[in-house]
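First comes the structure, then the notes that go with it.
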Amino acid sequence: MEPPNDQPPKIRDTGLTVLFDKTTPGNQNVDFVFVHGLNGHPKNTWTHGNGFFWPWELRKEFTKARVMTFGYNAGMGSELTENFIRIKGIASTLNGALANKRIKAEEQTRPVIFVAHSLGGLVAKAAAVAASKTEASGANDIDKLYASMRGFMFFGTPHAGSAVFAKFRVKILQKMAKAAFAEIPPKLENALQAGSDEVLDLSEDFRKISLYVHLKLLVASFYEQKATFGLGDRVVDEFSAAIGYSKANDLTPINADHINMVKFEDDEDGDFDNVKGLLLRWETRLTEPGQNV
């Protein structure tokens, strides 16, 4: 049931919030999970300055979906800014929260699609990597979650793996931090230097999970076309955003900078229309009887 006045529910700063649920028992349904990035927020990251909160607007056309937004502490002074490797702990928290939302048998087999911005894409990849390690058990709730992971839509997420020089890897993370904060906190600067290899190696680990290797995923990657104010450069360009998945949608540009690339103006925004259209196609593909990725 939608809240009064057709407004979204109160969104928690941390954990999962269900924005709307259009699923029906006995039918094929999909779970969508939005994951914000560094210094982001489960609502504000996805909201234009005029108040257009596009994940909530999806309720008008998505008829077989439950849409959730995930929040975690990634602001100034958070543990993440002191130790970048805590991204793996955040990913485990995400997996646990999702498993708790998927208790019923029908829910446990429901496809999951992650929609992630910037660092949130690394969180989503880390969640898949962590869940994949339970694959052999066959009975674990996280194992069932892993088997249901079917889509990853990345916005401004770097996919640079071990083939990229270490100095460049650190620079990518530094630009992400500068886009998120007016000035990089000293502890975060140290964390970036110390953790860049392990964090960006997530891209290599992600490419090794069985769902990726056996082409069981729907993957799309978007990159910004405009430089971020105060940075004078793009944070994640088309080279960094290229994931290399053979079934991925072609790299798609967004006519905005790194922060605003997920803040669409309204439902007539061309970039929003492209993103929504792709998500609708994914919903249809994953809910049609007999369909597989």
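For the sequence shown, the numbering used here begins at 963 and goes up steadily by one. All residues carry an ideal CB built from backbone N, CA and C; glycine is no exception. Keep in mind it's a predicted model, so treat the numbers as computed, not measured.
Which residue from the options puts its Cα closest to that of residue i?
i, options, result
"Lys1188", "Ile1171, Gly1118, Thr1249", "Gly1118"
"Ser1054", "Phe1015, Ala1067, Asp1103", "Asp1103"
"Ala1267", "Arg1064, Thr1190, Leu1107, Glu1250", "In the structure as shown, the chain begins at 963 and stops at 1255. Residue 1267 is therefore absent and cannot be evaluated."
"Asp1163", "Asn989, Pro1017, Lys1050, Ala1093", "Lys1050"
"Ala1203", "Met1138, Leu1240, Pro1251, Asp1231", "Met1138"
Could you tell me whether the Cβ atoms of residue i and residue j are closer together than 8 Å?
i, j, result
"Phe1032", "Val995", "yes"
"Ala1089", "Leu1056", "yes"
"Leu1179", "Arg1112", "yes"
"Val997", "Gly1058", "no"
"Phe1226", "Phe1014", "yes"
"Met1223", "Glu1186", "yes"
"Leu1177", "Lys1063", "no"
Out of curiosity, what's the CA-to-CA distance linking residue i and residue j?
i, j, result
"Pro971", "Val1175", "38 Å"
"Arg974", "Asn1006", "12 Å"
"Phe1143", "Val1197", "13 Å"
"Ser1208", "Ile1171", "15 Å"
"Tyr1034", "Gly1002", "9 Å"
"Gln969", "Arg1021", "11 Å"
"Glu1245", "Thr1096", "26 Å"
"Val1237", "His1220", "16 Å"
"Ile1065", "Lys1106", "11 Å"
"Glu964", "Ile1216", "Low per-residue confidence applies at Glu964: pLDDT is 45, beneath 50, and the placement is therefore not dependable, though the value from the model is reported in the following sentence. About 31 Å."
"Asn991", "Pro1251", "11 Å"
"Thr985", "Ile1205", "31 Å"
"Leu1248", "Asn989", "11 Å"
"Trp1256", "Asp1195", "Any answer about residue 1256 is impossible in this case: the structure gives the chain only from 963 up to 1255."
"Gly1232", "Gly1239", "10 Å"
"Pro1004", "Ile1052", "14 Å"
"Ala1109", "Leu1241", "20 Å"
"Ala1093", "Phe1116", "19 Å"
"Arg1243", "Asn1012", "28 Å"
"Thr976", "Lys1133", "28 Å"
Tell me which residues share the same chain as residue i and place their Cβ nearer than 6 Å to its Cβ, disregarding the 5 neighbours each side in the sequence.
i, result
"Asp993", "Arg1028, Arg1072, Val1074"
"Val980", "Met1030"
"Gly999", "His1079, Ser1080, Leu1081, Gly1082"
"Gly1037", "Asn1001"
Report the CB separation of residue i from residue j in whole angstroms; it is logged as a contact under 8 Å.
i, j, result
"Ser1183", "Leu1213", "6 Å"
"Glu1019", "Asp1229", "6 Å"
Using C-beta distances below 7 Å, list every residue in its chain close to residue i, excluding the 5 sequence neighbours before and after it, in chain order.
i, result
"Phe1168", "Lys1087, Ala1090, Val1091, Tyr1174"
"Pro987", "Glu1068"
"Pro1017", "Leu981, Phe996, Trp1008, Val1029, Thr1031"
"His1010", "Lys1225, Phe1226, Glu1227"
What residues in its chain sit with their C-beta under 8 Å from that of residue i, if we drop five residues either side in the sequence?
i, result
"Phe1114", "Ile1075, Phe1076, Ala1078, Gly1083, Ala1086, Lys1087, Ala1090, Leu1179, Leu1180, Val1181, Ala1182"
"Phe1234", "Trp1016, Phe1226, Glu1227, Asp1228"
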